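Only one structure is covered here, and it is reproduced in the block below.
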Amino acid sequence: MLLAPTSRTAQYIAGIYHFDEVRTGPVSVRRRDRVWDVAAGPLALCFTVGCRGALGLALRSVPRQLARRPLWAAVTDVPARLMAGVRTRGSSRPGWRQWYAVGDLWPIIAADASFDGTDLGPLAPVVPPVRFGFGSAPTTPALVRVLSTVERAGPGTA
């Protein structure tokens with residue numbers, strides 16, 4: 092399910108990725124130190140992040156200009172598959188290609204979440220793996236900063 096702040100945003104994202112359902116409505120994120128509050132339509136989420144680990148520190152050290160280049164995605168694709176089981180480049184719908192670079196990673200150590208007023212339960216491993224386009228998510232709940240670059244594929248387009 093895609094929860095988007097505007098119909099224009101929803102149309103763009105749903106034109107690239109597949110969703111079972113698309114909803115639009117207010118989206119807000121508020122951060123207080125290590126505590127994040129997220130509200131998006133029927134979703135209410137409050138979570139706390141732990142200390143950044145070695146992988147988060149390494150990811151954070153990559154300059155943004157380097158991370159957004161397709162060559163960087165190609166170089167990091169194999170290690171990403173081996174370490175985390177994710178891909179850094181690919182396509183989701185015909186006519187589009189994209190690549191991802193992770194810029195930071197924090198473990199989520201506590202969370203309260205509800206959807207349409209129903210409690211979503213305690214933190215748990217992400218099983219089965221979540222798939223977004225060609226990518227995925229860590230098995231352990233985490234806050235991940237991702238730089239996503241999307242390009243229309245084909246001759247003469249960018």
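Residue numbers (the working numbering): 92 to 249.
Glycine residues also receive a C-beta, built at the ideal position from the N, C-alpha and C atoms.
Bear in mind the structure is a predicted one, so any value in this text is a computation, not a measurement.
Taken atom to atom, the span from the alpha-carbon of L173 to that of V193 is near 15 Å.
Here P232 really is in contact with A202; their C-beta atoms are around 7 Å apart, less than 8 Å. Setting aside the 5 residues that flank it on each side, V129 is surrounded in the same chain by V120, L136, each with a C-beta closer than 6 Å to its C-beta; the list follows chain order. In the DSSP assignment, D203 forms a beta bridge with C137. For L211, the three-state secondary structure derived from DSSP is coil. Here I107 really is in contact with W187; their C-beta atoms are around 5 Å apart, less than 8 Å. Within the same chain, and ignoring the five residues on either side of F206 in sequence, the residues whose Cβ sits closer than 6 Å to its Cβ are P133, L134. In this structure, the alpha-carbon of E112 lies about 6 Å from that of L93. Straight through space, the alpha carbons of R125 and G116 are spaced by roughly 26 Å. Contact check for D195 against R180 fails: the beta carbons are separated by 8 Å or more.
Within the model, the alpha-carbon separation for G144 versus A171 is close to 16 Å. Beta-bridge annotation (DSSP): L234 is paired with W197. In this structure, the straight-line span from the alpha carbon of P96 to that of L162 is close to 32 Å.
In terms of Cα proximity to A131, the closest of A244, A204, A215, P216 is A204. When secondary structure is reduced to three states using DSSP, S182 falls in the coil class, being assigned neither helix nor strand.
Put simply, of G212, A244, L150 the residue whose alpha carbon is nearest the alpha carbon of L234 is L150. Taking C-beta atoms under 8 Å as the contact rule, V140 and P198 qualify, at a distance of about 7 Å.
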